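Contents: one structure, followed by commentary.
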Amino acid sequence: SHDYHFGLEDHEGISELFDCD
Amino acid sequence: PPQTPIRAAMTSIQQLRGDLTSSGDQPSTNLATYFKNCTVDPMQAVLSRLETLEQAFSQRFGLAVGPRCIVLGCQRFKLGVRLYYKIMEAMLKSEEKRLSVQNFSKLLNDSTFHTSLLACALEVVMATYGGGSFKTGGYNHDAAGDPVETDLCFPWILDVVDLPAFDFYKVIESFIKAEPTLSKDIVKHLETCENLIMERIAWRTDSPLFELLKQEHGGGAADQVETPAS
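Protein chains in written order, with my numbering: chain A, 4 to 24; chain B, 24 to 253.
Structure below.
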């Protein structure tokens, strides 16, 4: 395991990040 | 035997290559189905983009490490492509589950998405191979005395694929989520890239971030955005 801090919520994904939903 | 930097690098490379042996150089059946489910099938655009970017990558890799090493650049690009397809499929599966849709036409026809995802996959490959191993402080000189680039470290890849750092930033977290087998060192490396972008690179004068800030706050508030120097 690693210490990366995940900031995206469950309702956010790659589609939202590229404004495609 | 004691762990040495070279042994650690060899282990990481073997692990990456091993993880990708089952991934092909072409989209898997599942990924091809996602493409076919699109209103506009993105397959041809994906293949054509990869061809263009492979040429750019190989050329710049050759410039950096010497023409005799171009074959190494091609091998790394091919590994990057395998990882790109693998992560794309995992991302789409996760999005299908989350959104209950199967048509990702808009996302899969977004060139920036593909370039960002490929750049991230290539950065992982380069970091695994020790992108810094060719680093000699920025520039060497060729036989004619002209400077040649030798620093393949991030953000070198952004320049090669002509991608704004702000767009690269968008894929990092989803990339890490989609590939739980990434080593601790690679995740740490991607986090370092993320921090570099957030603290410096995304604030360079030509960054798309400024236009987005303007849109977000409406035209009238545009002059409130601080200059990059500030």
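Note that beta-carbon positions come from the ideal geometry of N, C-alpha and C, so glycine has one too. Everything numeric in this text was worked out from a predicted model, so none of it was measured.
Cβ neighbours of Gly47(B) within its own chain (closer than 8 Å, five residues either side excluded): Arg105, Tyr108. Counting along the chain, Trp226(B) sits inside no alpha helix (DSSP H), nor does DSSP assign it H or E at all. By the C-beta criterion, the segment 131-146 of chain B is judged to be in contact with the segment 57-70 of chain B, since at least 3 inter-stretch pairs fall below 8 Å.
Excluding residues up to 5 positions away in sequence, Val69, Arg72 lie with their Cβ nearer than 7 Å to the Cβ of His137(B) in the same chain.
Per DSSP, Gln238(B) is one residue of the alpha helix (DSSP H) stretching across 232-240. Around the beta carbon of Leu76(B), a 10 Å sphere encloses 16 or more other beta carbons of the protein chains shown; the residue is thus reported as buried. The shortest C-alpha to C-alpha distance from Thr135(B) to any of Cys92(B), Val194(B), Glu119(B), Arg91(B) is the one to Val194(B). By the criterion of a C-beta distance shorter than 8 Å, Gln125(B) is surrounded in its chain by Tyr57, Asn60, Glu119, once the five residues flanking it on both sides are discounted. Contact between Gly96(B) and Ser81(B) holds, since their C-beta atoms are separated by about 5 Å, short of 8 Å.
When DSSP assignments are scanned along the segment 55-99 of chain B, the uninterrupted stretches of alpha helix (DSSP H) that are 4 or more residues long and fall wholly within it turn out to be 66-88. Here the alpha carbons of Phe127(B) and Leu39(B) stand approximately 28 Å from one another. For Asp133(B), the closest Cβ of chain A is nearer than 8 Å. Between Glu74(B) and the set Glu239(B), Ile180(B), Phe100(B), the nearest pair of CA atoms involves Phe100(B). With a beta-carbon spacing of about 6 Å, Tyr7(A) and Glu214(B) fall inside the 8 Å limit used to define contacts. Leu145(B) and Asn53(B) have their C-alpha atoms some 22 Å from each other.
Of all residues in the segment 93-121 of chain B, those with a C-beta nearer than 8 Å to a C-beta of chain A are Met114, Ser117, Glu118, Arg121, reading in chain order.
With 16 or more other Cβ atoms inside 10 Å of its own Cβ, Phe189(B) counts as buried. Excluding the 5 residues flanking it on each side, Pro231(B) has same chain C-beta neighbours closer than 6 Å at Pro187, Phe189, in chain order.
A straight-line Cα-Cα distance of about 10 Å links Val210(B) and Glu202(B). Residue burial annotation: Leu11(A) is exposed, with fewer than 16 other C-beta atoms found within 10 angstroms of its C-beta. Between Glu222(B) and chain A, the shortest Cβ-Cβ separation is not below 8 Å.
For a Cβ distance threshold of 7 Å, nothing in chain A lies close to Ser81(B): the least Cβ distance comes to about 27 Å.
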